[in-house]
Each structure stands twice: as C-alpha cells, then as structure tokens.
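Numbering (the numbering used here), first residue to last: 68 to 271. Note that the Cβ used here is the ideal one computed from N, Cα and C, for glycine as well.
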Amino acid sequence: MTKVIADITMSLDGYVTGPGADVEHGLGDAEELHEWVFSQDRVDTEILEGATAVSGAVVMGRRLFDTVDGPHGWNETMGYGADQVGTPPFVVVTHSPPSEVRLERDLGMRFTFAAGVSEAIEQARLVAGEGHVVIMGGGDVIAQALDGDLVDELRLHIAPMLLGGGTPLFGRGTRRRYRQAEVRPSTNAIHVTYERVTDPDAAR
Numbered sequence: 068m069t070k071v072i073a074d075i076t077m078s079l080d081g082y083v084t085g086p087g088a089d090v091e092h093g094l095g096d097a098e099e100l101h102e103w104v105f106s107q108d109r110v111d112t113e114i115l116e117g118a119t120a121v122s123g124a125v126v127m128g129r130r131l132f133d134t135v136d137g138p139h140g141w142n143e144t145m146g147y148g149a150d151q152v153g154t155p156p157f158v159v160v161t162h163s164p165p166s167e168v169r170l171e172r173d174l175g176m177r178f179t180f181a182a183g184v185s186e187a188i189e190q191a192r193l194v195a196g197e198g199h200v201v202i203m204g205g206g207d208v209i210a211q212a213l214d215g216d217l218v219d220e221l222r223l224h225i226a227p228m229l230l231g232g233g234t235p236l237f238g239r240g241t242r243r244r245y246r247q248a249e250v251r252p253s254t255n256a257i258h259v260t261y262e263r264v265t266d267p268d269a270a271r
C-alpha cells in the first residue's frame, strides 16, 4: 500500500536551512547540514539508496523546485537521492507553474504542478505505482502536510549541529502522536523514522 513519507534533514534545534536561504543558496549558510549526504558512511549510503528506491513519486515546494531546477541545481551526477540521481515523477506545489523546466528539457525528468499540498499528494499517488509518495521539502510544505494529518511516516535526518536560526521545520500546529519505528546512527547524522499513530492506545 502506498504510504506518504515526509523525509527531510534538520539541525538539532529544528532548522532545515540556515539563515540566508534563497534560490542560489538552498541551505543558506548551513551547507554542513547535508554533510551526511555527501560524506557518506555505510549507514548513510544505505539510507539514501533505500529511500530513493522506494520513491514512487515526489512532492516538493516551489522554492525547493526553483533551487534544484536552477542553473546550479541538479545535474547528471547529483540529483534526487544525491548521487543516486533518482528520476521518479515530481509534483510541485505552486500557484504559478513555470513556463519551462530545465530538468525536463535537459535530463528528461517529469514534473507536474498543483495548487496545494493535499492536491499535490493526490496527484503523486496517481503516478507512484508500487512506490511511496515522498515529500522532500521544503519545511513549510512538510509542516502543512503534518498539520493536515497527511503523513503516514516522518523520516528525520538529524545533523549534529545547532544553527540558531534559519527555516524551522516545526512551528505552532496541530498536536500529533507518532510511534518511533527506527533509529539508525551514522558518523554524520542520526536517521529516525516515526510512524503516525491513529489509535492512541496502540502507542502505549
């Protein structure tokens, strides 16, 4: 059965980018946040390979799309899943679809656009096949999906650093309960998987 998985890296104090994040500087001044992606040990590699392999379709926000589709974004050797360069269909949450997509033109990737998070997830379900729907970010899109109770599984890659500011993953929202399903430490991060709890008594 297709699951909706929110998958993102964050700092110890809950930020998914540092200050100064924009289209050209996707992580702001916090490139070290994704050190686990680029300086992989065995656990990091297994996490990336496994996550990429089960991604039937991927949802992302417009700011993240503009970053990866920009001139310094994804290419033939670095893309979805880092060096895995996965090519599932992508659905972008935006009210203003672009007239042209570089990644479609140059690399043959597939992009569609949806006006809201719920609509994007439903579009992704239709094309996910036997894989899962993965929401890769940004933080605001994942926060909306969590607040709307649309996420079956939350995967956090916790980098060993405090940023002190930037883009927070969590703000004020609806209270939710999760079950800790897996914890895998690497030399670069702690990879934690949480499952949504629909029956509060089942979490005890």
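Have a look at the DSSP bridge pairing and note the partners of residue i.
{"i": "Val201", "result": "Ile72, Val125"}
{"i": "Arg251", "result": "His258"}
{"i": "Ala181", "result": "Val160"}
{"i": "Arg242", "result": "Answer by DSSP bridge pairing: none, since Arg242 is not bridged."}
{"i": "Ala146", "result": "A small fix is needed here, since residue 146 is Gly in this sequence, not Ala. Paired residues: Ala149."}
{"i": "Met77", "result": "Ile225"}
{"i": "Thr84", "result": "Thr234"}
{"i": "Arg263", "result": "Tyr245"}
At the level of alpha carbons, what is the spacing between residue i and residue j?
{"i": "Asp150", "j": "Phe132", "result": "18 Å"}
{"i": "His237", "j": "Ala120", "result": "Inspection of the sequence shows that residue 237 is occupied by Phe rather than by His. About 27 Å."}
{"i": "Met77", "j": "Glu143", "result": "26 Å"}
{"i": "Arg251", "j": "Pro164", "result": "38 Å"}
{"i": "Ala195", "j": "Asp80", "result": "33 Å"}
{"i": "Arg242", "j": "Ala191", "result": "26 Å"}
{"i": "Gly148", "j": "His199", "result": "14 Å"}
{"i": "Leu223", "j": "Ala210", "result": "13 Å"}
{"i": "Trp103", "j": "Val152", "result": "16 Å"}
{"i": "Arg172", "j": "Thr265", "result": "42 Å"}
Nearest CA to the CA of residue i: which residue from the options?
{"i": "Gly146", "options": "Glu116, Val160, Asp80", "result": "Glu116"}
{"i": "His101", "options": "Met228, Arg246, Glu113", "result": "Met228"}
{"i": "Thr254", "options": "Tyr261, Ala226, Glu262, Lys70", "result": "Ala226"}
{"i": "Arg130", "options": "Gly204, Arg172, Ala195", "result": "Gly204"}
{"i": "Gln247", "options": "Glu113, Glu171, Arg169, Val259", "result": "Val259"}
{"i": "Ile72", "options": "Phe180, Gly231, Ala124, Val135", "result": "Ala124"}
{"i": "Gly231", "options": "Met127, Val83, Arg109", "result": "Val83"}
Does the CB of residue i have a neighbour CB from chain D at under 8 Å?
{"i": "Tyr245", "result": "Any reference to chain D falls outside this structure, which holds one protein chain only."}
Q | Ordered list of beta strand (DSSP E) runs contained in the segment 204 to 230, each at least 3 residues | A | Whole beta strand (DSSP E) segments, 3+ residues: 220 to 225.
**Q.** the segment 177 to 194 / the segment 160 to 169 touching (three or more Cβ pairs under 8 Å)
**A.** With three or more CB-CB distances shorter than 8 Å, the segment 177 to 194 counts as touching the segment 160 to 169.
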